[in-house]
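Undergrad:
Chains as they are written, first to last, in this note's numbering: chain A, 38 to 230; chain B, 38 to 230.
1. Could you work out which residues of chain B lie near residue 47(A), taking near to mean beta carbons separated by less than 8 Å?
2. Rounding to the nearest angstrom, what Cα-Cα distance links residue 85(B) and residue 103(A) in this structure?
3. So if DSSP puts residue 157(A) in a beta bridge, which residue, or which two residues, is it bridged to?
4. Taking residue 103(A) as part of the beta strand (DSSP E), name the residues at either end of that continuous run.
5. Can you tell me where the alpha helix (DSSP H) holding residue 68(B) begins and where it ends?
6. Run through chain B and tell me which residues come within less than 7 Å of residue 130(A), C-beta to C-beta.
7. According to DSSP, residue 187(A) sits in a beta bridge with which residue or residues?
8. Can you name the start and end residues of the alpha helix (DSSP H) that residue 129(A) belongs to?
9. Could you check the C-alpha separation between residue 48(A) and residue 42(A) for me, to the nearest Å?
10. Using the Cα positions of residue 191(B) and residue 94(B), report the straight-line distance between them to the nearest angstrom.
11. Can you tell me whether residue 171(B) is helix, strand or coil according to DSSP?
12. Note down the Cα distance separating residue 67(A) from residue 162(A), rounded to an integer number of angstroms.
13. State the beta-bridge partners of residue 152(A) as determined by DSSP.
14. Could you tell me which of 45(A), 134(A), 71(A) and 144(A) sits nearest to residue 169(A), measuring between CA atoms?
15. Against chain A, does residue 152(B) count as a neighbour if the rule is that its beta carbon must be under 8 Å from one of theirs?
16. With three or more beta-carbon pairs closer than 8 Å as the criterion, would you say the segment 53-62 of chain B touches the segment 133-141 of chain B?
17. To the nearest angstrom, report how far apart residue 61(A) and residue 69(A) are at their CA atoms.
18. Please state if the CB of residue 141(B) and the CB of residue 232(B) are separated by a distance shorter than 8 Å.
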């Protein structure tokens, strides 16, 4: 039987705090993409830990991807022990607004995608896949160059181990790294699924 | 001298919890707009308390408005007692994505805007003013009708009392209500500034 686990805000805070140094040294993000609604809280907390003294905050763009919420009509007040079930299709409710981003382009961005839970990997795969399409489209406008562009993922909890990311995946999978590397006009993604 | 106050995550959680019933009875929102980055955390928390049994979550759209962050280069690790200073100009880093919203229109939406702190009112005024422009533009496409459209604001903390909203402003100003009412082709905003 699946049991529901509860974590405190302080645990979330500390997970962000503990991962910040690794993220700064390995990713050094200059754009955070928060997957809403779950990614809002860790994105906001992590941003404070990623801020470098004397530098402005790392900008956050929110995207809305829903796997659970549109399909679920359950409520915690009805049955506290009910485990929310994931849907099978991602609904995209909001996407990036690039109007204030330099050249309206993701090229050259070291992107850190943040979500709350990686359960079926469906949402993360969707986000990465769509962002790679955007990066490809933007790079084509700029002559095909994607140098300096990278994608990394931070989630608070991974409940799916079998398809765990390779790369910098930690023991409990809190921090994953996905790189997009230019190889001619293709992207190679270090993602073991 | 201005002193910096610290609040716990549980206090934020409880502020959201305590306001939920009032918000449901007075606003009954069908669209949440989170002002990022500060509004992300209360928006995500409040959404859970606003969820009605048997109904899907209220959708959240994030917008990015910055008054502090782009201008501030201070960091908490440099000086914990330094109070972050507000800027004077709002920078708009992200706006609504209406592609998944019915008729791509805000008309008929009972909108709840959520932010963390209302300090100078500059950000909230900007958000309300821009949203009213959007509502006006959408309603003009639909024959001028704005029936059922409303704007309300929820913030965790108000540090500016002199210009406090009238309406449903509570003693410590945690919850404000702003209505937009159709009066011929104008909007009247119950906002005492």
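We put the CB at the ideal spot given by N, CA and C, even for glycine.
TA: With the given structure in hand:
1. 46
2. Between residue 85(B) and residue 103(A), the C-alpha separation is close to 15 Å.
3. Paired residue(s): none; residue 157(A) is not in a bridge.
4. Segment 97-103, the beta strand (DSSP E) holding residue 103(A).
5. No alpha helix (DSSP H) contains residue 68(B), which is instead part of the beta strand (DSSP E) from 68-73.
6. 96 and 137
7. The bridge partners DSSP lists for residue 187(A) are 147(A).
8. Where residue 129(A) is concerned, there is no enclosing alpha helix (DSSP H), although the beta strand (DSSP E) it sits in stretches over 128-131.
9. 12 Å
10. 18 Å
11. Three-state DSSP puts residue 171(B) in a helix.
12. 21 Å
13. Note: residue 152(A) sits in a beta bridge opposite 192(A).
14. 144(A)
15. Put simply, the CB of residue 152(B) is far from chain A, with every gap to its CB atoms at 8 Å or more.
16. no
17. Going from the Cα of residue 61(A) to the Cα of residue 69(A) covers about 12 Å.
18. For chain B, the structure presents residues 38 to 230; residue 232(B) sits outside this window and is missing.
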